[in-house]
Structures are given as structure tokens and as C-alpha cells.
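Let me begin by presenting the structure, written as C-alpha cells, before commenting on it.
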Amino acid sequence: MGRQVAIISAGFSEHASKRSDVNMAELVNEAVNDCLKKVPSLSIKDIDAYVNGNMPAFEGANLPELWMTDWLGARNKPLIRVTTGGTTGGSVGIAGYYSVAAGLPGIDTVLAVAFEQQSQGDTSIGLSSVALGEISVLNTLGLPYEYLTRLMSAGGAIGLASYQAANYMNKSKIREEDLARVVVQNRRNAAKTWWSHLKMPNLTIEEVLDTPYISYPLRYGMVCPASDGACAVLFTTEEKAKDLCDTPVYVNGVASVAHESVIIGYDASGSAQLDPSEQLGAMKSSEIAYNQAGISFPRKEIDYAEVYSPFPNQELMWVEKLGLFEENTAPEMYENEVTSLNGELPICCSGGVNATNAIGASALERPAVAALQIMGKASNQVPKTVHTAIGHGWGGMLNLCTMMVLSDQQQRKWR
Amino acid sequence: MSKRTLRKSLDYVKKDYVETRKMPGNWYLSSYQYKFNITHHQSFLKKLKDKKLVGNKCSACNRVFFPPRFVCGKCLVKPDQWVDLRDTGQVSTYTIVYLKDPETGEVLEKPVVMVQQDNCDTNYMAELQSYIDFKDTYIGMPIKVHWAESTNGNLKDIEYYDLIEDDSKDLDVSKD
């Protein structure tokens with residue numbers, strides 16, 4: 009049986025659309041230094057192993073972990089790399105958790121680092137290369153490229169999300185104001201976070217609704233930016249964590265579940281997931297993670313949630329699918345400020361992915377912020393005491409979802 | 105240019121960073137050979153030439169796939185039964201895309217839909233007839249296949265989807 013794992017620190021680099029002053033390795037170094045600064049009694053020599061990851065196709069630099077070893081401080085130490093698209097950060101965090109939980113001799117403290125410098129390369133080419141296999145099959149079967157790009161709404165994640173948004177809006181009977189309200193909450197929260205990208209302290213719903221459509225029902229003001237940034241999280245064992253910091257945050261449940269892709273199936277077949285906002289993969293991943301953590305009533309037991317929502321309709325959808333609210337009630341909760349900083353269940357107080365999206369790092373930033381909220385060290389700290397929090401990640405056409413349940417109490421079910 | 109398509113950005117707190125040296129480089133991502141099995145597509149494409157739709161059915165979970173699929177992801181078996189499908193269906197989800205006409209520079213608003221064919225369990229993306237307004241598109245809209253004039257046995261034989269006009273008599277009564 010695995011060991012109890014704890015997070016003792018998390019660090020970020022500054023996020024911006026163009027970090028022209030640093031290269032990829034220096035950007036990562038910024039996050040690693042910020043992470044180590046928060047635990048003064050631990051030096052770089054005490055870290056036993058490294059996990060890192062990003063999406064190399066988005067930057068156009070292959071095998072970055074080989075030439076940034078010195079910037080990580082990973083010389084002569086075990087180093088593995090994980091890449092799973094949008095959930096790269098979540099998978100890096102889970103790999104860090106597994107490395108410690110396995111109980112290998114000599115591996116107690118593991119640093120997980122995820123990063124992305126999108127201004128270096130062309131993200132849309134990287135994204136289209138993901139679906140290139142399917143597109144070339146459809147092209148072979150007789151559909152011209154020009155017709156396909158039109159059908160897939162210029163490719164990439166926004167095409168998928170706009171179908172999802174149309175379905176969600178039809179199902180829960182909401183208007184565009186409800187989507188804009190989520191954006192306003194996120195961007196105003198981001199203004200209070202030092203590392204976030206889109207800081208808009210005075211944004212209003214009318215301003216968001218005044219921007220043009222990218223593809224219905226998503227407007228220009230609603231979608232996430234493309235950021236440069238990095239995030240680092242330090243995992244260690246229960247015993248060491250008690251010595252090193254005041255409030256260690258225990259990792260009590262992790263899960264990573266993929267479900268069938270929406271829009272197109274593989275090799276030009278149809279997709280059997282008729283409703284893109286159904287999200288059975290998210291429901292399954294939350295079920296597995298809550299079971300491991302011994303959580304029976306997520307709505308009552310979880311105090312804080314960080315969900316991966318590049319588009320506002322997804323934030324509403326995830327909080328329902330992860331069991332935090334009843335079906336179709338999330339828009340109402342945002343209207344009544346249940347999810348605001350001072351509310352009953354604060355969601356994405358760092359501004360979330362809607363305000364900062366360095367794709368590879370985003371899914372690791374979610375558990376990182378959740379851990380800092382439990383420690384009481386987050387830059388936009390919620391006033392109430394946080395005991396249990398979740399960090400969620402989403403990626404790809406495959407609907408791969410990662411979950412991490414964090415708490416200030418040890419796991420009680422099977423250990 | 106209409107107000108709908110005017111580009112207007114939102115202000116945010118910006119920080120300027122020092123510009124350092126840059127070096128250009130290239131990485132060709134879009135050239136590779138993708139291999140796939142076409143055996144299960146052959147009889148489907150042959151039927152398309154005769155203006156008929158078929159899907160294949162998994163004998164374990166009874167799901168019907170259109171266009172056909174090589175393996176059922178739920179049961180991990182090869183769907184081996186062929187099922188005839190009607191040419192009617194419904195819109196299962198949709199979006200509106202805004203694309204610039206390369207010649208006139210005008211921005212066109214076009215609905216793009218996912219179609220669920222009747223008696224079938226999968227989505228397939230398609231286009232609606234050009235005169236259907238984007239404002240009239242909705243989820244659950246009944247539609248019908250419009251075949252191309254000359255069919256060649258490929259996916260372009262389904263040119264686009266027509267709207268099914270509801271002409272039942274009781275509908276007229278309720279209008280009065």
C-alpha cells in the first residue's frame with residue numbers, strides 16, 4: 009500500500025502574453041525558485057527526483073527537459089517527462105504523487121514542474137496537428153480541406169467548446185449574461201493575483217457582451233488568453249512534510265479518466281457521445297478521486313474548488329459534473345454570489361484558466377492554488393478556513409479529465 | 105462591416121518586458137503519413153454511390169455507427185452487422201462560424217451542425233442548406249439528406265442537409 013503524500017509548497021512564474029525577457033529555461037527557473045523560497049529549510053540538494061512536462065508542439069522546441077536540466081537543478085537526479093495535451097499539468101502532478109507514494113528507497117521529495125511558452129511557437133499549428141490524422145482520413149474519403157476547416161470552426165479547442173456551450177445553454181436555459189457573469193468574476197479575481205495574465209479590475213458584464221462573436225455563443229471577451237508561464241509543486245512524504253512546513257496539504261485522491269471524443273470519432277467514424285456537455289469522463293474521475301479521499305457529500309465537504317475552464321460555459325458545466333452543485337443550478341449560484349471570494353463555496357479565486365492559460369502549466373496550477381488556499385498563503389486568499397479543496401484538469405478532444413483532492417487531514421479510508 | 109464582427113478588445117493591466125535576442129527556426133509539423141484501415145469503409149462507400157445510407161452495428165451493445173467504425177470502444181469488438189438507415193435525422197448540436205469571404209472581404213455567418221441520423225447512435229458533422237438562416241437553427245431541428253447530382257462513392261455525395269417542412273393539417277388549425 010502506498011505512502012501518504014503531502015504538498016509543502018507551490019511556486020509560479022509571472023504570466024504574460026509575451027515573456028520576451030526570458031527564454032523557456034529561465035521561465036521555469038523563476039517558478040522553481042518561487043517554490044523553494046517558500047520552504048526555507050529545504051535546499052535544492054534535498055530534492056530526490058523530478059517530473060516535468062509541457063506540449064512541445066505548441067512551442068516548436070522538442071525535448072526541452074534535456075537542455076534545461078541545470079535550470080531545474082536536476083543534474084544527476086532521476087527525471088521523467090509526461091505529456092498529455094491540455095491535462096499535461098494534471099498528469100505531471102499525478103506522476104509526482106505516484107513517485108512519492110510508491111515508496112522507492114531514496115525518493116522522498118519530488119518536484120513537479122509544468123510550463124509553456126506559447127509566444128515562441130504557433131499554438132494553432134500545434135493544436136491542428138492533434139487532429140491531423142482524422143482530417144487526412146476525411147480528406148481521403150472525399151471532403152476537401154476548405155470544407156473541413158469550415159466545419160471544424162477553424163480548428164482547435166474553441167470549435168469543440170462552442171458546440172458544448174450551445175448544448176449547455178439549451179439544456180440549462182441560460183442567457184449570455186450568465187456566461188459573461190462568470191468571466192467578470194474570474195477576471196476581477198485575477199486582478200488580485202500577482203502572477204495572473206488578464207487583470208481586469210473594473211470589468212462589467214456589458215463590456216463583455218459588447219465584444220464580437222468568435223463562434224456562437226462564445227464572444228471575444230469570453231475566451232481564455234494564450235500565456236507564457238510555469239508552475240512548480242513540491243511533493244514529499246507525511247513525516248518530512250511535518251518538519252518542513254506548518255500546514256502540510258495532504259493529497260488524498262487522484263484520478264485521470266478519458267472518455268470518447270466528441271465532434272469526430274477516430275478514423276472518420278461518428279462520435280457516439282451525442283451531447284458534448286454530458287462529460288461522463290469528468291463524472292467518473294470525480295467519483296474515483298472522492299472514493300479514494302472518503303468524500304461522500306462533495307457539496308458539504310469541499311470548501312474550495314479550482315476547475316479548468318478556458319471558456320465560461322465549461323466552468324458552469326464542470327462544477328455541476330464534479331458534484332459541487334445540482335444539475336443546471338450553477339448559473340443561479342454565480343448570480344447569488346455563492347461562488348465569490350466571500351461566498352459559501354469559492355471557485356477559481358486565482359482567476360482560473362479563463363484569465364491565465366499557459367496550456368501545459370494550467371492543469372498543475374489548479375491543485376497548486378488549491379494547496380496554497382489550504383495553507384493560507386494564496387495571493388487572493390479566501391477569508392474562511394479551507395479544509396478540503398479540489399484541483400481539476402481537462403484536455404483534448406478525448407475529454408481526458410484529471411482530479412486531485414487535497415486536504416489538511418490525512419486520508420482516512422484505506423490507509 | 106456589422107457591429108457583430110467589429111473587433112474590439114478589452115483593456116487589461118499590462119506589464120512591459122525587456123526584449124532580448126530572438127532566433128528564428130522552423131519545425132514542419134504538418135507533414136506525416138497517417139495509416140488507417142479502410143476495409144470497413146468499402147461497403148459503406150459503395151452504398152453511398154446508390155444514394156443509400158448504411159451504418160454498422162455492434163452485436164454486443166447494439167449501438168449503430170454512422171459512418172462505420174472499425175472497433176466499438178465500449179465492448180472492444182468489431183461491429184459486424186450492417187443496418188440500413190433512413191435519410192432523415194436531427195440536429196444534435198450546432199454553432200455559428202464567422203468566416204471572411206476571400207474575394208469580397210465580407211464576413212459570412214454560417215451555421216455548422218452535428219447531425220444524428222435516425223436509428224443511429226452517433227454524431228456526424230455536416231452543413232445546412234445555404235438559405236437556412238443562422239437565427240433559425242436550433243437543437244432538435246428535423247433535417248433530411250440532400251444528395252449531390254452525381255454520386256461518386258465518397259463522403260461529398262451528401263452535399264448538405266435540407267430542412268423538413270412540417271405540413272401536417274393540425275399545425276394549420278392551431279395557427280388560426
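Quick note, the sequences are listed as chains A and B, same order.
Under the numbering used here, the residues of the first sequence are numbered 9 to 423, in order.
Under the numbering used here, the residues of the second sequence are numbered 105 to 280, in order.
In this text, a Cβ means the ideal position worked out from N, Cα and C, and glycines have one as well.
Counting along the chain, B/Val217 sits inside no alpha helix (DSSP H); it lies in the beta strand (DSSP E) bounded by residues 211-221. Contact between B/Thr226 and B/Phe170 holds: their C-beta atoms lie close to 6 Å from each other, under 8 Å.
Per the coordinates, the alpha-carbon of B/Trp186 lies some 22 Å from the alpha-carbon of B/Ala230.
By the rule that beta-carbons nearer than 8 Å mark a contact, A/Asp29 touches chain B. A contact is defined here as three or more CB-CB pairs under 8 Å, and the region 249-263 of chain B meets this definition with respect to the region 136-152 of chain A. Taking C-beta atoms as the reference points, A/Leu332 and A/Leu353 count as a pair closer than 8 Å. For B/Gly129, the neighbours in chain A by C-beta distance under 8 Å run, in chain order, Gly68. Counted as a single uninterrupted DSSP element, the beta strand (DSSP E) harbouring B/Asn160 occupies residues 157-161. A/Ile367 sits close to A/Phe66, with the two beta carbons spaced by under 8 Å. In its chain, beyond the 5 residues on either side, Lys260, Asp261, Ile262, Glu263 have a beta carbon closer than 8 Å to the beta carbon of B/Ala252. Under DSSP, A/Phe243 forms a beta bridge with A/Ile15, A/Val118. Interface annotation for the region 249-267 of chain B against chain A: Asn256, Gly257, Asn258, Leu259, Lys260, Asp261, criterion Cβ-Cβ distance under 9 Å. Residue nearest to A/Gln193 within the set A/Ala122, A/Ser358, A/Tyr58, A/Gly403 is A/Ser358 (criterion: CA-CA distance).
Linking B/Asp188 to A/Pro284 through their CA atoms gives a straight-line distance of about 26 Å. For the region 283-309 of chain A, residues whose beta-carbon sits nearer than 9 Å to a beta-carbon of chain B comprise Asp283, Pro284, Ser285. Neighbourhood of A/Asp275 in chain B, by CB distance below 8 Å: Phe140, Asn141, Arg173, Phe174, in chain order. Here the C-alpha atom of A/Thr131 lies approximately 19 Å from the C-alpha atom of A/Met230. Of all residues in the region 248-280 of chain A, only Glu268, Val270, Ile271, Ile272, Gly273, Tyr274, Asp275, Ala276, Ser277, Gly278, Ser279, Ala280 place a beta-carbon less than 9 Å from a beta-carbon of chain B. Between B/Tyr235 and chain A, the shortest Cβ-Cβ separation is not below 8 Å. Nearest to A/Leu206 by alpha-carbon distance, out of A/Ala234, A/Arg183, A/Lys179, A/Pro225, is A/Ala234. In the three-state scheme derived from DSSP, where H, G and I count as helix and E and B as strand, B/Asp266 is classed as strand. Among the residues facing chain B, A/Leu151 is included, as its CB has a counterpart in that chain under 8 Å away. Interface annotation for the region 169-190 of chain A against chain B: Ser170, Tyr171, Ala174, Asn175, Asn178, criterion Cβ-Cβ distance under 7 Å. At a cut-off of 8 Å, the C-beta of A/Tyr312 has no neighbouring C-beta in chain B. Using a CB distance cut-off of 8 Å, B/Val187 does not count as an interface residue toward chain A. With respect to the C-alpha of B/His250, the residue from B/Asp271, B/Ser147, B/Thr192, B/Val211 having the closest C-alpha is B/Thr192. Inter-residue distance for A/Gly384 and A/Glu34 is about 28 Å (C-alpha atoms, whole angstroms).
Following the DSSP letters along the chain, one finds A/Asp186 inside the alpha helix (DSSP H) bounded by residues 184-198. If you check each beta-carbon in the region 201-232 of chain B against every beta-carbon of chain A, the ones closer than 8 Å belong to Val201, Tyr202, Leu203, Lys214, Val216, Met218, Gln220, Cys224, Asp225, Thr226, Asn227, Tyr228, Met229, Ala230, Glu231. Among the CB atoms of chain A, none fall inside 8 Å of the CB of B/Gly193. Secondary structure in the region 83-120 of chain A: the beta strand (DSSP E) runs of 3 residues or longer, each lying completely within the stretch, are 87-89 in chain order.
For the region 146-161 of chain B, there are no residues whose beta carbon sits under 7 Å from a beta carbon of chain A. Within 10 angstroms of the beta-carbon of A/Met76 lie 16 or more other beta-carbons, which makes it buried. Annotation for A/Cys43: the continuous alpha helix (DSSP H) segment containing it runs 32-45. Secondary structure at A/Leu353: coil, using DSSP grouped into helix, strand and coil. 8 Å or more divides the Cβ of A/Lys179 from the Cβ of A/Ser387.
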